[in-house]
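To start, the structure itself, in structure tokens.
2 protein chains.
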Amino acid sequence: MDDYLTADRPTFVTHLECSMTGEHYPADTLHNLSKVGRPLLVRYDLSAVGEALSRDTLSARDTDLWRWRELLPVRRAENIVSLGEIETPLIPVPKSGGERVLVKDEGRLPTGSFKARGLVMAVAMAKELGVRRIAMPTNGNAGAALAAYAARCGIETIVFCPEDTPEVNVREIAAQGSRVWRVNGLIDDCGAIVAKGAAEGRWFDFSTLKEPYRIEGKKTMGLELAAQLGWRLPDAIFYPTGGGTGLIGMWKAFDELEALGWIGSKRPRMYAVQASGCAPIVRAFEAGEEHAERWEDAHTVAAGIRVPRAVGDFLILRAVRESGGKALAVGDPAILKAVDDCARRDGLLLCPEGGATLAAYRQALRDGEVDADEEVVLFNCATGLKYPLPPASATLDRHQVIDFEAL
Amino acid sequence: MDDYLTADRPTFVTHLECSMTGEHYPADTLHNLSKVGRPLLVRYDLSAVGEALSRDTLSARDTDLWRWRELLPVRRAENIVSLGEIETPLIPVPKSGGERVLVKDEGRLPTGSFKARGLVMAVAMAKELGVRRIAMPTNGNAGAALAAYAARCGIETIVFCPEDTPEVNVREIAAQGSRVWRVNGLIDDCGAIVAKGAAEGRWFDFSTLKEPYRIEGKKTMGLELAAQLGWRLPDAIFYPTGGGTGLIGMWKAFDELEALGWIGSKRPRMYAVQASGCAPIVRAFEAGEEHAERWEDAHTVAAGIRVPRAVGDFLILRAVRESGGKALAVGDPAILKAVDDCARRDGLLLCPEGGATLAAYRQALRDGEVDADEEVVLFNCATGLKYPLPPASATLDRHQVIDFEAL
């Protein structure tokens with residue numbers, strides 16, 4: 001094992017900062033939201049990081065998530081937890097997307113989704129800070145990642161999910177040793193239960209952006225993308241947006257990379273993709289609002305982005321606007337068609353949320369929002385294998401004469 | 001893209017060779033089995049490979065499967081097909097296995113299984129050799145990989161699977177554009193239908209080891225393992241054995257690496273793991289036979305290794321014996337317990353076939369066949385998410401007063 005994984009070191013974390021007010025909070029203690037109820041962002045001494053780490057040093061390391069250790073908050077090597085967070089591949093989808101459209105296939109991560117990036121970091125920090133019991137609301141994939149990493153560390157977990165969460169997700173969470181409850185409501189209803197228990201001191205609240213370290217794990221999507229593309233960024237990124245941790249994280253990553261002098265000031269246009277049946281960020285974007293109101297009666301086949309209210313709404317909207325991008329909504333039929341086309345024509349099975357990014361790209365292309373010759377990255381946030389596929393087989397009796405012409 | 005992926009080159013393939021008689025066959029033409037009905041092996045000019053490629057050159061390349069291009073048969077760059085065949089991670093399972101037990105997690109490959117390694121190569125070669133229509137019998141995962149790569153190349157595919165193949169596999173195959181038939185029989189019954197259609201000239205037969213290139217793709221498991229471990233090999237490998245292509249492929253890879261001078265003569269003990277309900281190789285191994293008879297009434301939860309008869313039986317048995325390993329059978333209860341333990345304690349969800357390797361390792365440890373301080377690699381051949389998990393959730397009414405003590 002390389003020494004950056006085994007050597008203890010002071011992290012380069014200087015402090016945490018309220019994303020709304022800028023108020024400072026100390027590192028190395030447990031935090032949820034800031035005093036004004038907003039997410040905390042982790043800040044680093046980036047000039048010290050730049051002295052400790054070069055792009056050449058990075059290139060010599062294994063390509064997994066922990067190669068970025070100097071830009072991550074874990075202090076002691078013994079608290080690094082891992083299930084093999086590989087660098088996810090960029091897969092061209094020339095037939096269903098276009099010549100310069102790449103899918104970053106996050107379904108290859110542990111537990112089959114990009115939630116592993118956030119949770120590996122949050123659990124490692126929970127371990128470092130002595131947390132023994134964690135609760136979380138989830139639409140499925142985050143709960144699976146939490147359960148897996150916490151099981152590995154011997155941390156107890158309790159997970160609450162909406163009652164219509166796909167059975168495969170619920171069973172995966174339970175198989176990995178978590179106690180899992182189905183709640184008659186949506187993810188924010190589950191979040192309310194977690195918050196109540198946390199207020200009573202029963203567990204630590206791991207809701208999206210309510211603890212500061214998931215975003216640090218998620219930002220590795222941005223770090224990795226820059227490294228994979230030879231220290232430049234694509235023209236546009238289409239990101240399936242529920243809680244938006246990844247979009248916020250990538251935006252933060254790009255700033256950190258620029259501060260290190262590893263990339264320039266050029267940024268991709270960030271497209272926050274939501275489903276028409278649950279599009280609070282799109283509504284706020286179009287209305288010019290800084291915050292997004294709760295979306296009532298949320299419904300979409302893309303359960304992972306069925307998030308009626310996001311605590312980081314203003315951070316998502318800010319990043320999208322600064323980037324020159326947009327928030328876009330796509331309907332379920334377009335999502336399902338995109339999934340079908342990509343599998344059938346490019347051999348790549350997307351999850352519905354990944355399908356939403358392809359559908360949004362197609363819509364943006366039609367609307368002249370992107371050009372066909374621009375380099376675009378779509379995030380497929382989970383393996384398509386977790387989601388129901390249409391039935392499609394016929395039976396053949398081997399004892400009968402087979403009509404080969406008809407096969 | 002690096003030039004080893006874009007530059008055309010003569011391959012280093014010199015010829016193909018009958019694995020039974022040693023008779024030579026020309027490269028660059030279509031082949032199924034040799035004249036005596038046995039698999040063909042691809043042979044290379046390894047001294048020329050050694051001049052063209054060094055371990056340092058390899059280290060500078062991206063770590064995916066195509067880094068091994070000089071040891072692979074594809075001639076023209078335009079025929080390289082890819083869905084992101086990443087180097088699969090080695091994941092320690094200290095609690096359910098042991099301190100030096102590593103799981104090579106092949107579920108991270110495209111279509112969620114190690115079948116992608118074989119099929120990416122076989123489909124690329126089919127493209128290179130002008131094949132337009134392919135048929136294959138499958139227990140599920142191979143069909144999914146075939147469908148995906150062939151869809152990407154525009155090659156037509158027809159897949160036959162046993163009637164009780166898991167629904168998720170069948171749907172995945174269909175979603176990726178293949179025509180799929182359920183047959184009232186086992187995989188060799190499906191194979192008979194494919195053989196009949198091939199004899200009538202309706203399609204090219206892609207059955208395990210019946211075309212020569214899947215084994216070349218599968219051998220990258222051995223190449224990759226050596227590179228990941230710093231050009232040495234583990235003490236023992238536990239491999240879930242149905243058709244055995246991977247075991248045969250790794251054994252071939254080790255010889256090629258030794259011929260290149262990149263590893264020494266030390267080999268891992270190879271353990272071919274089968275299920276008690278379908279263990280033809282184990283029976284032949286124990287009886288000292290060179291070939292294995294068909295196993296009647298095959299049944300096991302590990303459908304991927306439910307292969308009653310393997311055309312490469314003698315190659316599997318030869319490798320196992322030369323290595324000083326064994327063929328081992330484990331029962332379904334031990335398989336299911338291993339899957340459960342590994343998920344619950346190490347946070348890693350194995351497929352049943354991967355669970356079989358952990359069960360076999362535990363059995364071998366109890367029997368003194370392996371020592372606890374030996375370095376062991378278990379192959380988890382597919383993502384555990386494709387397989388049914390036990391139901392395990394409770395419901396909670398958010399409108400009622402919640403008894404937090406009881407959660």
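Protein chains in written order, with UniProt numbering: chain A, 1 to 407; chain B, 1 to 407. For glycine and all other residues, C-beta sits at the position ideal for the given N, C-alpha and C.
Query, Result
"Beta carbon proximity, A:W66 to chain C, threshold 8 angstroms", "Among the chains of the structure shown, chain C does not appear; the protein chains present are A and B."
"Through-space distance from B:L41 to B:A52, alpha-carbon basis", "22 angstroms"
"A:T357 at chain B interface by Cβ criterion, 8 angstroms", "no"
"For B:D371 and A:L225, the rounded distance between their alpha carbons", "42 angstroms"
"Residues in the region 121-151 of chain B having any Cβ partner in chain A nearer than 8 angstroms", "A147, A148, Y149, A150 and A151"
"Within chain A, partners of B:R401 - CB distance below 8 angstroms", "With the sequence shown as reference, residue 401 of chain B is identified as Val, and Arg is not the correct amino acid for it. Per Cβ cutoff of 8 angstroms: no residues; B:V401 is ~11 angstroms from chain A at best."
"For A:C161 and A:R182, believed in contact at Cβ under 8 angstroms, the rounded distance", "6 angstroms"
"Closer than 8 angstroms to chain B by CB, A:E231", "According to the sequence shown, residue 231 of chain A is Trp rather than Glu. Judged by the 8 angstroms Cβ criterion, A:W231 is not in contact with chain B."
"CB contact below 8 angstroms: B:M1 versus chain A", "Note that B:M1 scores 44 on pLDDT, short of 50, meaning its location in the model is unreliable; the coordinates nonetheless yield the value given after this. Chain A contact via Cβ: absent."
"Interface partners of B:R345 on chain A, CB under 7 angstroms", "A151"
"Contact residues within the region 370-400 of chain B, judged by C-beta distance below 9 angstroms to chain A", "T383, G384, L385, K386, P388, L389, P390, P391, A392, S393, A394, T395, L396, D397, R398 and H399"
"Beta-carbon proximity list for B:I305, same chain, < 8 angstroms, skipping 5 on both sides", "P240, T241, G242, V273, Q274, A275, C278, E353 and A356"
"For B:A359, the nearest candidate out of B:T165, B:N32, B:G97 and B:A287 (CA to CA)", "B:G97"
"CB contact check: A:A406 to chain B, cutoff 8 angstroms", "no"
"Neighbour list for A:E163 in chain B, Cβ cutoff strictly below 8 angstroms", "T395"
"Assigned secondary structure, A:L30 (DSSP; H/G/I helix, E/B strand, else coil)", "coil"
"CB contact check: A:V180 to chain B, cutoff 8 angstroms", "yes"
"Chain-ordered residues of the region 170-195 of chain A with a beta carbon less than 9 angstroms from chain B", "V170, R171, E172, I173, A174, A175, Q176, G177, R179, V180, W181, R182, V183, N184, G185, D189, C190, A192 and I193"
"The ligand ADP heavy atom lying under 7 angstroms from the CB of A:K115", "Among the components of this structure there are no ligands whatsoever, and the ligand ADP is therefore not found."
"Minimum C-alpha distance to A:R133 - residue among A:A334, A:Q228, A:V307 and A:R179", "A:R179"
"When B:G143, B:D255 and B:F114 are compared against B:M221, the one with the closest alpha-carbon", "B:F114"
"Endpoints, the beta strand (DSSP E) within which B:F160 is located", "E156 to P162"
"Helix, strand or coil at B:P333 [DSSP, three-state]", "helix"
"Contact list for A:D105 against chain B, beta-carbon separation under 7 angstroms", "G84"
"Euclidean distance between Cα positions of A:A236 and A:V320", "11 angstroms"
"Buried versus exposed, by CB contacts within 10 Å (16 or more), B:T138", "buried"
"B:G191 versus B:L209, B:G331, B:V74 and B:A148, residue with shortest Cα-Cα distance", "B:L209"
"Chain A residues whose Cβ lies nearer than 7 angstroms to that of B:R197", "The residue asked about is misnamed: residue 197 of chain B is Gly in this sequence, not Arg. Within 7 angstroms Cβ-Cβ: F404."
"Residues of its chain near B:M1, where Cβ-Cβ distance is below 8 angstroms and the 5 sequence neighbours each way are ignored", "Model confidence at B:M1 stands at a pLDDT of 44, short of 50, so the residue's coordinates are unreliable; what they give is reported in the following sentence. There are no such residues."
"Classification of A:W231 by the beta-carbon crowding that lies within 10 angstroms, buried from 16 upward", "exposed"
"Between the CA atoms of B:P89 and A:T111 - distance to the nearest angstrom", "13 angstroms"
"Short CB-CB distance (under 8 angstroms) between B:V307 and chain A", "no"
"Counted within 10 angstroms of its Cβ, other Cβ atoms place A:S393 as buried (16 or more) or exposed", "buried"
"Closer than 8 angstroms to chain A by CB, B:L102", "no"
"Residues sharing a beta bridge with A:R179, DSSP", "A:I158"
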